[in-house]
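In order, the protein sequence lines correspond to chains V and L.
Counted the way our numbering counts, the first sequence spans residues 1 to 402.
Counted the way our numbering counts, the second sequence spans residues 1001 to 1402.
For reference, the structure is listed below as structure tokens.
Number of protein chains: 2
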Amino acid sequence: MTAPLHEARTAGSGRSLPDTQQGIRRRNLARVMHTVSAEGPLSRAAVASHIGLTRAAVSTLVDELLRSGLLEELGPARPGRVGRPGSALAVSGHGPAGVGAEVGVDHLAACVVDLRGEVRARAVRHGTNRGRSPEAVTEELTALIREVVAEAGQQGLRPAGLGVAVPGLIARDGRTVVRAPNLDWHDIDLSALLPPEFPLTVDNEANLGGLAELWLAEGVPSDFLHVSAEIGIGAAVVVDGRLLRGTRGFAGELGHVPVEPDGPACPCGGRGCLEQYAGEEAVLRAAGLEPGEDRVGLLAARAAEGDRAVRRALHDAGAALGVAVTGAVNLLDPRTVVLGGALAGLAPWLLPSLEAELARRTAGPACPVSVSRLGPEGPLLGAAHSVVRAVLDDPASVAEGA
Amino acid sequence: MTAPLHEARTAGSGRSLPDTQQGIRRRNLARVMHTVSAEGPLSRAAVASHIGLTRAAVSTLVDELLRSGLLEELGPARPGRVGRPGSALAVSGHGPAGVGAEVGVDHLAACVVDLRGEVRARAVRHGTNRGRSPEAVTEELTALIREVVAEAGQQGLRPAGLGVAVPGLIARDGRTVVRAPNLDWHDIDLSALLPPEFPLTVDNEANLGGLAELWLAEGVPSDFLHVSAEIGIGAAVVVDGRLLRGTRGFAGELGHVPVEPDGPACPCGGRGCLEQYAGEEAVLRAAGLEPGEDRVGLLAARAAEGDRAVRRALHDAGAALGVAVTGAVNLLDPRTVVLGGALAGLAPWLLPSLEAELARRTAGPACPVSVSRLGPEGPLLGAAHSVVRAVLDDPASVAEGA
């Protein structure tokens, strides 16, 4: 198996670079970038003390990062002090940036995020993508991508890569959609359909939602289970700050964990899968509602109004989620479970029964469950930030390519 | 959370050592040891080419390993050749060795394994440990350990550490048995009860069985789910050649994954857990047999004789395993599932229904299931080899301590 590109991208601090002189230099460049990104603005001396290298070694690295436009100097720090003032370093708000895009079942989106993590351009189109050809969808998505890239270009940003979130199983090549049931896509190589000028990484939306939580949310530990939904239910398993991808890249298919071994048949081939109880379509059916646009909004609005059928349907969905999550917690022993994506907006009505199942099936204290504040924004942000992280993890790749 | 000792032990190739001069030297010592261990006997030149360092650098490292007795020279290789003969290097069959011990519900065992991986001394005592105090059990285990250590000492081996397999939840400190239901042990610090002269690592038996499979079995990939049983059912999740331990060290509790949400109550606090269908006691009950000694042997013998109640019980247990394994495969996407421990001996009667469930619940080709050849020996071997791996992963620790 070849090491997939997006694996290196999420590895953190370039840890996978080899122990050659060149590899150590690149790893140290990554350390400087990550340190300034996490702790900055910082003086060169502060960076040196953070990463345990000499001031001289850090100065050489910093000069290289300044030349390639990845860091910038904010001017003299502490001007009142005696001696040569240390200049504060910050991650550049210009130059390389991450482009994110999302293929939702009912929308398309694109954004540009700078190396500081700020969203600098964003565009969304609503409308169903069910039954549309991959060519038609990617053509529209390409137009959105070009729109946000042009807007970001006017602000001095240039794309270092493109991350795309798709609701389906993605091969470990980071390009091929093996199966996206709700789009009816099979074995689609997106690299042939998206703008060729940006290095491409396609990933599952639940994975990118989980990574966004890891990278962007405050107070999230490095071991958690991120449970999310668009139409289907997916999960991201984060262990020691890394996404568990699985052999084929298909890990996290919580929606197809059996919760009733003899329950209804599922299109996946299984029976009684979680999605048959807690998937959006199952919940709408149980609530007596018709599928349409903004289904989550409709469910949330009806539940908030006190609609008993909707509340009952969400209660039962939460209980089914609780059974599947109990199994996952027993297998993985995460520090927390985070409800993200569309589930975040329904949390007030899902959480009580979910937490009750988890508690009654656990001898000691149950694994805590929290709600993502990124919610449905997670996958798009994760897509753009996967590019930003790749730059932070191996700044030399961008500097050399510039 | 502090980094637990046995985490470094299983990390492989000293990857977690820091990038200081000293750290790089220790990492390179580990590379030499791992290379000779995996590929040896090898000349210095062959080692150098394997790990990509200069012949001179490798010679310095090899000399250090020879001095500390971790490597030995087998004498001139290819004596017919012209020029200075290269001397073949091998891992030492003397000096540091790993001591393994196992607390089973119905037996105690200890062994010594040399750095080459050979078992050089072994002792077993049969008899139930249920209801016995930790003090009484560990006193008997200590006698066994001293017996095998003395026997190994006569062969020139000295213990580099002690690994102990326990059927229960072990804290990440690698010392404390948080809960071992079948022994009725709670919060027992084994470091206070076992010989103080050996560095101690206590681990869950399912974890050690999985690690033994990773380290010792041929053709096992670096991503797999190892499902095993003594009385309870446990699993080891191996990802990229590393054991997934979980936040508290409790990962792999497959026995408490719900397979029937409203099934019978389980002592864990849950309902319808896998152990209620496929645990040894559930299977004996379903087969109409009384619990006694060598229950697995009894089940296997009766099944081999064609006892229909026993075969039916094992068929149903296999189906329940199939439901739980389907969930785990959907979450983790392993390359294979391996049946180990007591399950290996029952595989002929468990596998058909297990594989049938997995296949009928999977759209594409189902994850392959294989049977461990280590079987019930896995945890004891894993315990001893965890010490051996720790030496290979950081040879300097032993050299300096020698």
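The beta-carbon is built from N, C-alpha and C at its ideal position, and this holds for glycine as well.
Check your understanding: Do we get a CB-CB distance below 8 Å when we pair R335(V) with the residues of chain L?
Key -> Residue mapping note: residue 335(V) aligns to position 335 of the first sequence, counting from 1. Yes, R335(V) lies at the interface with chain L (some Cβ there is under 8 Å from its Cβ).
Review point. In terms of residue numbering, what span does the beta strand (DSSP E) encompassing S1228(L) cover?
Key: Counting from one through the second sequence, the residue named residue 1228(L) turns up at place 228. Here the beta strand (DSSP E) through S1228(L) covers 1224-1229.
Exercise for review: Kindly provide the ranges of any alpha helix (DSSP H) runs that are 4 or more residues long and lie completely inside the stretch 39-64 of chain V, ordered along the chain.
Suggested key: 44-51
Review point. At what residues does the beta strand (DSSP E) containing N204(V) begin and finish?
Key: Working through the first sequence from its first residue, we reach residue 204(V) at position 204. Taken as a continuous stretch (DSSP letters only), the beta strand (DSSP E) holding N204(V) covers 200-204.
Check your understanding: If you run the structure through DSSP and keep just helix, strand and coil, what is V338(V)?
Key -> Taking the first sequence and counting its residues from 1, one reaches residue 338(V) at position 338. Here V338(V) sits in strand by DSSP.
Review point. Which runs of the alpha helix (DSSP H) spanning at least 4 residues fall entirely within the stretch 83-117 of chain V, listed in chain order?
Key: none
Check your understanding: Whole beta strand (DSSP E) runs in the stretch 1141-1180 of chain L with 3 or more residues, listed along the chain?
Key -> 1157-1166, 1176-1180
Review point. Checking contacts by CB at 8 Å: is S1397(L) closer than that to chain V?
Key: Taking the first residue of the second sequence as position 1, residue 1397(L) is located at position 397. For S1397(L), the answer is no, since every Cβ of chain V falls outside 8 Å of its Cβ.
Review point. With a cut-off of 8 Å, does the C-beta of E1253(L) fall near any C-beta of chain V?
Key: Residue 1253(L) sits at position 253 when you count from the first residue of the second sequence. Closer than 8 Å: yes.
Point to revise | Proximity to H1050(L) [Cα-Cα], best of E1064(L), R1031(L), T1060(L), R1067(L) | key: For this step, residue 1050(L) is matched to residue 50 along the second sequence. The candidate whose alpha carbon is nearest that of H1050(L) is R1031(L).
Practice item. Consider the Cβ of F1198(L): report whether some Cβ of chain V lies at a distance smaller than 8 Å. Key: Here residue 1198(L) is taken as the residue at index 198 of the second sequence, counted from 1. No, F1198(L) does not count as interfacial toward chain V.
Review point. Which first and last residues belong to the beta strand (DSSP E) in which D1189(L) is found?
Key: Here residue 1189(L) corresponds to residue number 189 of the second sequence, with the count starting at 1. 1185-1189 is the extent of the beta strand (DSSP E) around D1189(L).
Review point. Nearest chain V C-beta to A1097(L) closer than 8 Å, yes or no?
Key: The residue you call residue 1097(L) lines up with position 97 of the second sequence. Judged by the 8 Å Cβ criterion, A1097(L) is not in contact with chain V.
Review point. Does any CB atom of chain V fall closer than 8 Å to the CB of D1223(L)?
Key: Reading the second sequence from its first residue, position 223 is the one you call residue 1223(L). Chain V, which has a Cβ nearer than 8 Å to the Cβ of D1223(L), makes this yes.
Exercise for review: With a threshold of 16 other CB atoms inside 10 Å of the CB of H126(V), please say whether the residue is buried or exposed.
Suggested key: To locate residue 126(V), count along the first sequence from 1; it is residue 126. Flag for H126(V) reads exposed.
Exercise for review: In the DSSP assignment, find the unbroken beta strand (DSSP E) run with R386(V) in it and report its ends.
Suggested key: Stepping through the first sequence from its first residue, residue 386(V) is reached at position 386. Reading the sequence as shown, one finds Ser at residue 386(V) and not Arg. Premise fails: S386(V) lies in the alpha helix (DSSP H), 378-393, not in any beta strand (DSSP E).
Check your understanding: What is the DSSP secondary structure of E1197(L), reduced to helix, strand or coil?
Key -> As a first step, residue 1197(L) is located in the second sequence; it is residue number 197 there, counting from the start. In the structure shown, E1197(L) sits in coil (DSSP, three-state: anything other than H, G, I, E or B).
Check your understanding: Using a beta-carbon distance below 8 Å, is N1204(L) in contact with chain V?
Key -> As a first step, residue 1204(L) is located in the second sequence; it is residue number 204 there, counting from the start. So, not an interface residue.
Point to revise | Which of helix, strand or coil DSSP assigns to A1363(L) | key: Indexing the second sequence from 1 puts residue 1363(L) at position 363. The answer is coil: DSSP assigns A1363(L) none of H, G, I, E or B.
Check your understanding: Should V1259(L) go down as buried or exposed, given a rule of 16 or more other Cβ atoms within 10 Å for buried?
Key -> In the second sequence, the residue the question calls residue 1259(L) occupies position 259. Buried.
Check your understanding: The alpha helix (DSSP H) spanning R1130(L) covers which residue range?
Key -> As a first step, residue 1130(L) is located in the second sequence; it is residue number 130 there, counting from the start. From DSSP, R1130(L) is part of no alpha helix (DSSP H); its letter is neither H nor E.
Check your understanding: Residues in the stretch 1229-1245 of chain L with C-beta within 8 Å of chain V's C-beta atoms, listed in sequence order?
Key -> A1235, V1237, V1239, L1244, R1245
Exercise for review: Would you mind telling me which residues of chain V sit closer than 7 Å to H1034(L), beta carbon to beta carbon, in chain order?
Suggested key: The residue labelled residue 1034(L) in the question sits at position 34 within the second sequence. Those do not exist, as H1034(L) stays about 14 Å from chain V at its closest Cβ, beyond 7 Å.
Point to revise | Three-pair Cβ contact test at 8 Å for the stretch 1345-1364 of chain L versus the stretch 1382-1401 of chain L | key: no
Check your understanding: Considering only residues of the same chain and omitting the five flanking positions on each side of V239(V), which have a CB-CB separation below 7 Å?
Key -> Taking the first sequence and counting its residues from 1, one reaches residue 239(V) at position 239. Cβ within range, chain order: D223.
Check your understanding: Would a C-beta distance cut-off of 8 Å place G340(V) and S386(V) closer than the cut-off?
Key -> For this step, residue 340(V) is matched to residue 340 along the first sequence. For this step, residue 386(V) is matched to residue 386 along the first sequence. No, the Cβ-Cβ distance between G340(V) and S386(V) is not below 8 Å.
Review point. Given that R271(V) touches chain L, what residues does it touch there, using C-beta distances under 9 Å?
Key: For the purposes of this step, residue 271(V) is identified with residue 271 of the first sequence, where counting begins at 1. Residues of chain L passing the Cβ test: R1360, R1361.
Exercise for review: Confirm, please, whether the CB-CB distance from G163(V) to T138(V) is below 8 Å.
Suggested key: Start at 1 with the first residue of the first sequence, and residue 138(V) comes out as number 138. Start at 1 with the first residue of the first sequence, and residue 163(V) comes out as number 163. No, these two residues do not count as a Cβ contact at 8 Å.
Check your understanding: Between which two residues does the beta strand (DSSP E) containing G234(V) stretch?
Key -> Reading the first sequence from its first residue, position 234 is the one you call residue 234(V). Per DSSP, G234(V) belongs to the beta strand (DSSP E) from 233-239.
**Study point:** N- and C-terminal bounds of the alpha helix (DSSP H) containing V1296(L)
**Key:** Taking the second sequence and counting its residues from 1, one reaches residue 1296(L) at position 296. Residues 1295-1305.
Exercise for review: Just tell me which of E1073(L), E1197(L), D1203(L) has its CA closest to the CA of R1179(L).
Suggested key: What you label residue 1179(L) is simply residue 179 of the second sequence in a count that begins at 1. The residue with the shortest Cα to Cα distance from R1179(L) is D1203(L).
Check your understanding: Quick one: is L350(V) near chain L, going by C-beta distance under 8 Å?
Key -> As a working note, residue 350(V) is residue 350 in the first sequence. Chain L contact via Cβ: absent.
Check your understanding: Going along the stretch 308-342 of chain V in order, which residues come within less than 7 Å of chain L, judged by CB to CB distance?
Key -> V323, T326, G327, A328, N330, L331, L332, D333, P334, R335
Review point. Applying a beta-carbon distance threshold of less than 9 Å, which residues of chain V neighbour R1248(L)?
Key: As a first step, residue 1248(L) is located in the second sequence; it is residue number 248 there, counting from the start. Near R1248(L) (Cβ distances below 9 Å), the residues of chain V are D333, R335.
Check your understanding: For P1379(L), is the classification buried or exposed, using 16 other Cβ atoms within 10 angstroms of its Cβ as the cut-off for buried?
Key -> The residue you call residue 1379(L) lines up with position 379 of the second sequence. Buried, by the Cβ-count rule.
Exercise for review: Could you tell me whether the Cβ atoms of P167(V) and E253(V) are closer together than 8 Å?
Suggested key: As a first step, residue 167(V) must be located in the first sequence, where it is residue number 167. As a first step, residue 253(V) must be located in the first sequence, where it is residue number 253. No, the Cβ-Cβ distance between P167(V) and E253(V) is not below 8 Å.
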